[in-house]
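Asks:
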Amino acid sequence: MKNQIKVTVNYYRLDTSKVDQCKEYNELKTRLKKEGYKLFDSISMTSYDAKVKFFNDIRNKTFEVDTNYIFDNQFNTVKTESHSGYRLFDWKEEIYPNKSIKEGYFCTGIEALNELRQKTYHCNYCGKQYNENIGYCKSCLNSQYLEENQIHLLEVTEIGKKYKNTKTSKALLKEYNKVQKIARLKKLEESKAQKLDSIKKDIAASKTKYKIFKEIIKLNVSIDNVIYYKHNDSICFGWRTPLQITEIEIIKKSIKDSTILKQYKITFE
Ligand SMILES: [Zn+2]
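In this text, residue positions in the sequence shown follow the numbering used here: the first is 158, and each later residue adds one.
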């Protein structure tokens, strides 16, 4: 069982146009930066009511971190009976038109999460995460969309570290060529089989069509006005030009005598 990581949300709303609150805010900012927090500030897209509700819901509460997917500056919280989980930031602040108002929160107790971040690696191509440095991502190396100039993205990096464009190692390039060749051959083999299979189906359909039309010819009806549908194995009389009722009756009677045509679903237009 994974160790639980619990963090507490510390809410604040300070008016920096007031001397004491401005001092408090500056001290808070200095302290958080010193402790390694990176501020994520943004203009909220939600309504005022939704924002008030959100802050009320999370204010000074403790949440368990969902460690199934690790982000460098935010996290999901585990679902509980009362809520379906939140996306919280380590340190988040709203940007308001009134620049004096600073409202947001920071989470305490994130040391274990930071430790986990340092031990979590991810592929910069597909985003798959690994709990150790496995060198490069194995899961997308055979992707048909992966271009040679993108391979360096597969070299896994720590979640918290900025991705630096690196050159592809010779070993990885060699592995890429090997895996891609296998994938291409596999695809080629599949398409070969599919091609032969579709030709076989066409041959079978043509044989059926030949057998059917050999019988239809005997009926002395307009051949161009009869069609065989291979998708549902049926025959349609009058598909181009609708038939008269008397013509239909004559054809129906003739079909009764044909042991071959009787086996098919027959429709009249
Ligand atoms: Zn990958």
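Glycine included, C-beta positions come from ideal geometry on N, C-alpha and C.
Give me the Cα-Cα distance between ASP223 and LYS295, rounded to the nearest whole angstrom.
Replies: So the alpha carbons of these two residues sit roughly 25 Å apart.
Asks: Provide the residue(s) that pair with ASN167 in DSSP beta bridges, ordered along the chain.
Replies: The partner list for ASN167 (beta bridge, DSSP) reads PHE263.
Asks: Note the first and the last residue of the continuous alpha helix (DSSP H) segment covering THR424.
Replies: Premise fails: THR424 lies in the beta strand (DSSP E), 422-425, not in any alpha helix (DSSP H).
Asks: Anyone know if the C-beta pair for SER201 and GLU251 falls short of 7 Å?
Replies: Yes, these two residues count as a Cβ contact at 7 Å.
Asks: When every heavy atom of ligand 1 is checked, does at least one fall within less than 6 Å of the C-beta of TYR302?
Replies: Answer for TYR302: no, Cβ out of range of ligand 1.
Asks: Under a three-way DSSP split, which group does HIS429 fall into?
Replies: Residue 429 lies beyond the residue range present for the chain, which begins at 158 and ends at 426; the question has no answer from this structure.
Asks: Counting only beta-carbon atoms, is ASN299 nearer than 7 Å to chain E?
Replies: Among the protein chains of the structure shown there is no chain E, as only one such chain exists.
Asks: Do the CB positions of TRP396 and GLU372 come within less than 7 Å of each other?
Replies: The answer is no: Cβ separation not under 7 Å.
Asks: Can you tell me which of PHE212, LEU418, CYS283 and HIS309 puts its alpha carbon nearest to the alpha carbon of PHE370?
Replies: Checked all of PHE212, LEU418, CYS283 and HIS309; the closest Cα to PHE370 is LEU418.
Asks: Is ASP172 closer than 7 Å to ILE258 when the C-beta atoms are compared?
Replies: In this structure, ASP172 lies closer than 7 Å to ILE258 by Cβ.
Asks: Where LYS409 and SER348 are concerned, what is the direct C-alpha to C-alpha distance, given to the nearest angstrom?
Replies: Near 43 Å, if we compare the C-alpha coordinates of SER348 and LYS409.
Asks: Please write down, chain order preserved, every residue whose beta carbon lies under 6 Å from a heavy atom of ligand 3.
Replies: In the structure shown, ligand 3 is absent; the only ligands present are ligand 1.
Asks: Opposite LEU245 in the DSSP bridges: which residues?
Replies: Answer by DSSP bridge pairing, in chain order: PHE232.
Asks: For ASP261, count the other beta carbons within 10 Å of its own beta carbon; 16 or more makes it buried, fewer makes it exposed. Which is it?
Replies: Before going further, note that residue 261 is Gly rather than Asp in the sequence given. Flag for GLY261 reads buried.
Asks: Using the DSSP secondary-structure output, state which residues sit across from VAL222 in a beta bridge.
Replies: In DSSP, VAL222 forms a bridge with THR234.
Asks: Kindly indicate which residue of ILE374, THR365 and PHE246 has the alpha-carbon position closest to the one of LYS195.
Replies: Checking every option, the nearest Cα to that of LYS195 belongs to PHE246.
Asks: If we count Cβ pairs, one from each stretch, closer than 8 Å, do we get three or more for the region 307-327 versus the region 266-284?
Replies: Result yes; three or more Cβ-Cβ pairs closer than 8 Å.
Asks: What are the start and end residues of each continuous alpha helix (DSSP H) run of 4 or more residues lying completely inside the region 160-212, in chain order?
Replies: For the region 160-212, whole alpha helix (DSSP H) runs of length 4 or above, ordered along the chain, are 176-191.
Asks: To the nearest angstrom, report how far apart GLY284 and GLN351 are at their CA atoms.
Replies: Computed Cα separation, rounded: 33 Å.
Asks: How many angstroms separate the CA atom of GLU272 from the CA atom of GLN231?
Replies: Near 14 Å, if we compare the C-alpha coordinates of GLN231 and GLU272.
Asks: Please list, in chain order, all residues of the same chain as TYR182 whose beta carbon is under 7 Å from its beta carbon, the five residues on each side excluded.
Replies: LEU171, THR173 and LYS259, listed in sequence order.
Asks: Going by DSSP in three states, GLN286 sits in which element: helix, strand or coil?
Replies: Strand, per DSSP.
Asks: For VAL313, name the three-state secondary structure that DSSP assigns.
Replies: Three-state result, VAL313: coil.
Asks: Below 8 Å CB to CB, which residues in the same chain sit around PRO399 once its five sequence neighbours on both sides are set aside?
Replies: These residues qualify, in order along the chain: GLU426.
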